[in-house]
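Engineer: Top line first, the protein sequences correspond to chains G and F. At position 113 of the first sequence the residue is numbered 115 (the numbering used here), and the sequence of numbers has no breaks. At position 5 of the second sequence the residue is numbered 868 (the numbering used here), and the sequence of numbers has no breaks. For each residue, glycine too, the CB sits at the ideal point set by N, CA and C. These figures come from a predicted structure and were not determined experimentally.
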Amino acid sequence: DAGVTQSPTHLIKTRGQQVTLRCSPKSGHDTVSWYQQALGQGPQFIFQYYEEEERQRGNFPDRFSGHQFPNYSSELNVNALLLGDSALYLCASSTDADSSYEQYFGPGTRLTVT
Amino acid sequence: ELKVEQNPLFLSMQEGKNYTIYCNYSTTSDRLYWYRQDPGKSLESLFVLLSNGAVKQEGRLMASLDTKARLSTLHITAAVHDLSATYFCAVDETYGGATNKLIFGTGTLLAVQP
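Written as structure tokens, this is what we have:
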């Protein structure tokens, strides 16, 4: 049973560019959440997708957008990259059918903006 | 706005010793999670605590939750070097709801010395 997968593993972009990160949830999960983890800090919630809609959003600017596909996989898009966007981006999947709502995290995408 | 604080931020301990990491949160919640993160890696789920008085144990780690005090503890018994990692607590901001927006603490970097 595959867990949460993310691609790419690493990415280097230049300021002002745009980036797309991808996530496939654990089998049986229908909810995908995205988090940003800067070096030395705890993860920060970006947004959550359920039934192809954004269900919750954290305090991130509109430059951060996402999408969920019918197969529950998800993309995170960041426009007009800033140096401060350099971080580990984590995708987590879950299902409301599990009363613990436990989130399972993928390996992450390390984004470096130069 | 939910805030989650962990202490200590850094813990250096000798093998064989016991210690406790504390996680305080500011508003009512009914779901708290503990994660482990090794350097450069993603988050590994350790414990899910869903009710007042919940206690979970796995090996040398034991976690508890006091929802009235808004406090969770992660107790380490007879530490070994393999436990060296960063430990995060995360609290679900969505009290009683289906969406689980996790707010993470600052993390505790645990270094177990021989």
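On the premise that Q70(G) lies in contact with Q58(G), defined as a C-beta separation below 8 Å, what is that separation, rounded to the nearest angstrom?
Structural biologist: Along the first sequence, read from residue 1 onward, the residue named residue 58(G) stands at position 56. Along the first sequence, read from residue 1 onward, the residue named residue 70(G) stands at position 68. That pair is no contact at about 13 Å.
Engineer: Quick one: what's got a C-beta closer than 6 Å to G879(F)'s C-beta in the same chain, skipping five residues either side?
Structural biologist: Against the second sequence, residue 879(F) aligns to sequence position 16. For G879(F), where only same-chain residues beyond five positions count, the Cβ hits under 6 Å are A941.
Engineer: Can you give me the start and stop residues for the beta strand (DSSP E) that Q976(F) sits inside?
Structural biologist: The residue given as residue 976(F) occupies position 113 in the second sequence. Start and end: T971 to Q976.
Engineer: Taking three-plus beta-carbon pairs below 8 Å as touching, is the region 922–929 of chain F in contact with the region 867–877 of chain F?
Structural biologist: Too few Cβ pairs lie closer than 8 Å, so no.
Engineer: Just to confirm, are T969(F) and I884(F) a CB contact at a threshold of 7 Å?
Structural biologist: Numbered from its first residue, the second sequence carries residue 969(F) at position 106. Numbered from its first residue, the second sequence carries residue 884(F) at position 21. No, Cβ-Cβ distance for T969(F) and I884(F) is not below 7 Å.
Engineer: With three or more beta-carbon pairs closer than 8 Å as the criterion, would you say the region 914–925 of chain F touches the region 100–108 of chain G?
Structural biologist: Contact between the region 914–925 of chain F and the region 100–108 of chain G is absent, because fewer than three Cβ pairs lie under 8 Å.
Engineer: What's the call for T33(G), buried or exposed, on a 16-neighbour Cβ count within 10 Å?
Structural biologist: Within the first sequence, the letter at position 31 stands for residue 33(G). Buried, because 16 or more other Cβ atoms sit within 10 Å of the Cβ of T33(G).
Engineer: Against chain G, with Cβ distances strictly below 7 Å, would K964(F) count as a contact?
Structural biologist: Here residue 964(F) refers to the residue found at position 101 when the second sequence is read from its first residue. For K964(F), the answer is yes, since a Cβ of chain G falls inside 7 Å of its Cβ.
Engineer: Would S75(G) and S29(G) qualify as a contact pair, given that the criterion is a beta-carbon distance under 7 Å?
Structural biologist: On the first sequence, position 73 is the one that residue 75(G) refers to. On the first sequence, position 27 is the one that residue 29(G) refers to. It is not a contact, given that the beta carbons lie outside the stated cut-off.
Engineer: Taking DSSP as the reference, what is the three-state secondary structure of G68(G)?
Structural biologist: Within the first sequence, the letter at position 66 stands for residue 68(G). Reduced to three states, the DSSP call for G68(G) is strand.
Engineer: In the DSSP assignment, what are the bridge partners of K964(F)?
Structural biologist: Mapped onto the second sequence, residue 964(F) falls at position 101. In the DSSP output, where bridge partners are listed per residue, K964(F) has none listed.
Engineer: Can you tell which of L41(G), Q39(G), Q43(G) and H31(G) has its C-alpha closest to the C-alpha of E53(G)?
Structural biologist: By one-based count along the first sequence, residue 53(G) stands at place 51. Of the candidates L41(G), Q39(G), Q43(G) and H31(G), the one whose C-alpha sits nearest the C-alpha of E53(G) is H31(G).
Engineer: Under the rule that 16 or more other beta-carbon atoms within 10 Å means buried, what is S9(G), buried or exposed?
Structural biologist: For the purposes of this step, residue 9(G) is identified with residue 7 of the first sequence, where counting begins at 1. Exposed, by the Cβ-count rule.
Engineer: Please confirm whether F951(F) has its beta-carbon closer than 7 Å to some beta-carbon of chain G.
Structural biologist: What you label residue 951(F) is simply residue 88 of the second sequence in a count that begins at 1. True, the Cβ-Cβ gap to chain G drops below 7 Å.
Engineer: With DSSP collapsed to three states, give me the class of D945(F).
Structural biologist: Counted from its first residue, the second sequence places residue 945(F) at position 82. Reduced to three states, the DSSP call for D945(F) is helix.
Engineer: For Q976(F), which option in Y882(F), V911(F) and V943(F) has the closest C-alpha, if you only look at C-alpha atoms?
Structural biologist: To locate residue 976(F), count along the second sequence from 1; it is residue 113. That would be V943(F), whose Cα lies nearest to the Cα of Q976(F).
Engineer: Leaving out the 5 sequence neighbours to the left and right, which residues in its chain are closer than 6 Å to T114(G) when beta-carbon positions are compared?
Structural biologist: Taking the first sequence and counting its residues from 1, one reaches residue 114(G) at position 112. Excluding positions up to five away in sequence, the list reads I14 and S88.
Engineer: Can you pull the chain G residues whose beta carbon is under 8 Å from the beta carbon of V911(F), in chain order?
Structural biologist: Along the second sequence, read from residue 1 onward, the residue named residue 911(F) stands at position 48. By Cβ distance, chain G contributes S102 and E104.
Engineer: From the DSSP output, read off the bridge partner residues of H938(F).
Structural biologist: Locating residue 938(F) in the second sequence gives position 75, counting from the first residue. Its beta-bridge partners are T883(F) and M925(F).
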